[in-house]
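One structure below.
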Amino acid sequence: MTTAASFETLPGLNLPKGRWHGPIWLSDEPLTEPGRYRDCIGAFERTGLWPVLVPHDERFAATGENWVDDRGRLAPATHRIEAVDVAQTLARWWDPFCCAGGTGCLRPYGANFPGLARKSQLRVDPYAEAGNTGSIFARRGTYRLGLVAVERPADVPAALGWTGMIKSTDQVAAVSAVLRSWEDRFGATLIVLGFDELELSVAAPPRLQGRALVVAAEHRAFSERSFSGQPGNLREYATSLVHRRHWRFSWD
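Just so you know, we're using our numbering here: the sequence shown kicks off at 65 and counts up by one.
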């Protein structure tokens with residue numbers, strides 16, 4: 065395994081001080097130079113290390129805990145991702161009983177998951193989009209830089225045995241399988257990894273309401289909490305996804 069010391073001397077990269085925390089290398093302090101995130105994405109094909117922004121989480125401030133070290137992990141599951149059927153998985157996660165008084169919040173759908181949305185036409189490079197978006201986030205917020213050895217960004221949760229979605233499912237390979245599918249269909253690329261949240265930059269978001277409606281159903285199946293925290297029903301949530309280049313999900 066590459067050591068933290070060698071990270072700091074990778075050709076073309078100027079990384080802050082950091083160390084390994086199991087399968088993730090993490091900077092000791094928050095990023096102060098946002099361009100470093102974009103640089104790491106530019107070097108991904110050479111290094112095999114995908115960068116994620118790890119946000120400061122106030123929930124752990126009082127105890128001094130660091131969830132990366134102090135909260136448990138599942139077994140790494142990258143080898144299981146390819147066996148996951150994404151459509152069947154999202155259909156299984158589709159809960160028709162979350163709405164008060166029936167399925168009204170799921171209109172125009174109801175008890176049955178509508179299936180996967182068709183692929184959007186890609187007009188910009190997903191990694192360039194991720195680098196730009198991530199750099200903006202790093203400039204505006206408090207994030208440490210994480211690096212994970214993966215073949216593609218979607219595999220990060222499975223590679224880490226991430227437990228952010230544990231209240232909904234322990235199938236971390238399925239989480240990464242959905243992210244792979246979104247990478248392929250929408251250029252959606254993981255840029256933020258928190259204790260119980262994921263954020264993606266989106267290079268090819270749905271451009272029409274009809275397509276966005278099916279994507280909204282996928283979001284709702286993937287993270288019911290993210291949907292239930294929004295006003296209105298599924299149709300109204302879909303409106304917010306048209307041309308939207310940033311998707312955020314949480315589970316706690």
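By construction, the Cβ of each residue, glycine as well, lies at the ideal position given by its N, Cα and C atoms.
Everything numeric in this text was worked out from a predicted model, so none of it was measured.
Between the Cα of residue i and those of the options, spot the shortest distance and give me the residue it belongs to.
i, options, result
"Val337", "Val256, His310, Trp89, Gly112", "Given a span of 65 to 316 for the chain in the structure shown, any question on residue 337 remains unanswerable."
"Glu282", "Arg137, Gly86, Leu154, His120", "Leu154"
"Ala276", "Val242, Leu254, Arg244, Trp311", "Trp311"
"Gln185", "Pro270, Pro217, Ala194", "Pro270"
"Asn78", "Ala213, Gly99, Pro87, Glu93", "Gly99"
"Arg249", "Gly296, Arg182, Ser292, Gly136", "Arg182"
"Thr111", "Val214, Leu262, Arg156", "Val214"
"Glu146", "Val278, Asp92, Ala222, Leu90", "Ala222"
"Ala194", "Tyr101, Trp226, Pro178, Asn297", "Tyr101"
"Val220", "Ser304, Tyr301, Pro140", "Pro140"
"Gly179", "Val279, Leu170, Arg123", "Val279"
"Asp133", "Phe161, Ile88, Glu93, Arg171", "Ile88"
"Tyr173", "Ala302, Asp316, Arg309, Arg308", "Ala302"
"Gly274", "Leu113, Gly106, Leu298", "Leu298"
"Arg144", "Ala107, Gly82, Thr127, Val239", "Val239"
Around the C-beta of residue i, are 16 or more other C-beta atoms found within 10 angstroms, so that it is buried, or is it exposed?
i, result
"Phe259", "buried"
"Leu224", "buried"
"Glu272", "At residue 272 the sequence reads Leu, which differs from the Glu that was named. Classification of Leu272: exposed, given that the 10 Å Cβ count is below 16."
"Gly228", "buried"
"Val188", "exposed"
"Arg208", "buried"
"Asp234", "exposed"
"Gly136", "exposed"
"Cys104", "buried"
"Ser91", "buried"
"Thr73", "Residue placement at Thr73 cannot be trusted, given a pLDDT of 49 that sits under 50; what the coordinates show is reported in the next sentence. So Thr73 counts as exposed."
"Glu93", "exposed"
"Thr197", "buried"
Starting from residue i, trace the beta strand (DSSP E) both ways and give me its first and last residue.
i, result
"Pro115", "113 to 119"
"His310", "310 to 314"
"Trp84", "82 to 85"
"Ala218", "Per DSSP, Ala218 belongs to no beta strand (DSSP E) and is neither H nor E."
"Ser91", "88 to 91"
"Leu254", "252 to 257"
So residue i is in the alpha helix (DSSP H); what residue range does that whole segment cover?
i, result
"Val132", "131 to 134"
"Gly99", "99 to 106"
"Tyr301", "298 to 303"
"Thr153", "150 to 157"
Taking residue i and residue j to be in contact with their CB atoms under 8 Å, please state how far apart those CB atoms are, rounded to whole angstroms.
i, j, result
"Ala202", "Leu95", "5 Å"
"Pro115", "Gly210", "7 Å"
"Ala241", "Gly251", "Contact flag wrong, Cβ pair sits at about 17 Å."
"Ser314", "Ser290", "6 Å"
"Val306", "Ser245", "So it is not a contact: roughly 20 Å between Cβ atoms."
"Glu247", "Ala218", "5 Å"
field: Entirely enclosed beta strand (DSSP E) segments - the region 263 to 289, minimum 3 residues
entry: none
- prompt: At which residue ranges does the region 180 to 250 contain complete alpha helix (DSSP H) runs of 4 or more residues, listed in the order of the chain?
  reply: 190 to 204, 220 to 224, 236 to 250
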